[in-house]
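I have placed the structure first, in the form of structure tokens, so that the comments after it can refer back to it.
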Amino acid sequence: MLAVGTQFLTLCLLVAGLIPYKLWTLSRDPSREARWTLIGLWATAVGYAGAVAYGFAFTDPVSVCGRQTLDNDFPLVHVTVDPFPPDVACFWSDSMSYGPSHPTAPSTWVMWAGLAVTAVALSVVLLRRESRVSRAVRAGAIWSPMAAVGIWVAGIDPVLDLSRSDLHDQCLYAKSVPPETRLTRIEILDIDRTAFPPSLTCTYPDGTTNLLADRWIAVLICGAVSAAFAGAVLHQVRRAGRTGRQSRASCGDA
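So in the working numbering, the last one in the sequence shown is 255, and the numbering has no gaps at all.
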């Protein structure tokens, strides 16, 4: 019930933000990009508050999780709390098969949506400015590093901050996802975690699994794309500079 209450408060705060927003638009008549930037920043702040301040700063995380069923057939095993990305993960006795529940997830989604809206609005402002670099190249240079940072923050950093018991649960869950392994006893021989390159390697009797392999590959791809667009930006700037010097020289000769 407490988790439902926090999400209701988040919704109320989002709606309450319409009042100062309307007063601001009537008095300033801002551009469309400025409007969306403000909306995104407000949603980001409210979403983070709903997931963090309401979720576990002022409330017992165990109370936020509550009970999975009325008769408590699957009792709560433990709870993990991560300040950023904000998350309260409830691990139940059946989480090995179905994964943990995240009661504050709606507020976290609001926060990410606000960040996305803000990023898009600011990038549109940058893309509409006059520049010697084409818009397509500027868009790639802006969005590719943002994608890499988003993958790292959302998919890699939370795993690197997990406790040993949480890492054990992650390895159990990764091995129990295939249906044929859910009814067998899972043995974990070793868990190895490295920060760079980021990896979470679970060693089982029948082999190893790196739970961060696909996310790390995605970061590398985004980094390579970002480097390519950065090179394109430099190339277009230099070419525009040479063209400008040649034009000035031609005018001088004339």
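All C-beta atoms, glycine included, are put in the ideal place defined by N, C-alpha and C.
For residue i, I'd like the list of residues in its chain whose CB is within less than 7 Å of its CB, leaving aside the five on either flank, ordered along the chain.
i, result
"THR109", "GLY48, ALA52, PRO86, PRO87, ASP88"
"ARG266", "Absent from the structure is residue 266, since the part of the chain shown begins at 2 and ends at 255."
"GLY224", "ALA149"
Using 8 Å as the threshold, is the C-beta distance between residue i and residue j below it?
i, j, result
"LEU213", "LEU168", "no"
"ASP170", "ASP83", "no"
"LEU190", "THR210", "no"
"TRP43", "GLY141", "no"
"PRO107", "CYS91", "no"
"VAL65", "PRO104", "yes"
"SER145", "PHE230", "yes"
Under three-state DSSP, which class holds residue i?
i, result
"VAL134", "coil"
"THR202", "strand"
"PHE85", "coil"
"SER319", "Nothing about residue 319 can be reported from this structure: the residues present for the chain run from 2 to 255 only."
"ILE157", "helix"
"ILE187", "coil"
"LEU77", "strand"
"ASP193", "strand"
"GLY48", "helix"
"GLY18", "coil"
"HIS236", "helix"
Assuming the contact rule is C-beta atoms closer than 8 Å, residue i and residue j should be a hit. Round their C-beta distance to whole Å, please.
i, j, result
"GLY41", "ALA122", "6 Å"
"SER166", "HIS79", "7 Å"
"THR11", "VAL118", "No, THR11 and VAL118 are not in contact; Cβ-Cβ is about 16 Å, not under 8 Å."
"VAL134", "VAL238", "6 Å"
"ILE143", "LEU127", "6 Å"
Going by beta carbon distance, what residues of the same chain come within less than 8 Å of residue i, once the five residues before and after it are set aside?
i, result
"SER1", "This structure cannot settle anything about residue 1, because the visible part of the chain is limited to 2 through 255."
"ILE157", "PRO199, LEU213, ARG216, TRP217, VAL220"
"ILE192", "ARG165, LEU168, HIS169, CYS172, LEU201, THR202, CYS203, THR204"
"TRP25", "PRO31, LEU39"
"LEU15", "TRP43, ALA44, VAL47, VAL111"
I'd like the list of long-range same chain contacts for residue i, defined as Cβ closer than 6 Å, with 5 residues on each side in sequence excluded.
i, result
"ARG194", "LEU201"
"ALA50", "none"
"HIS236", "none"
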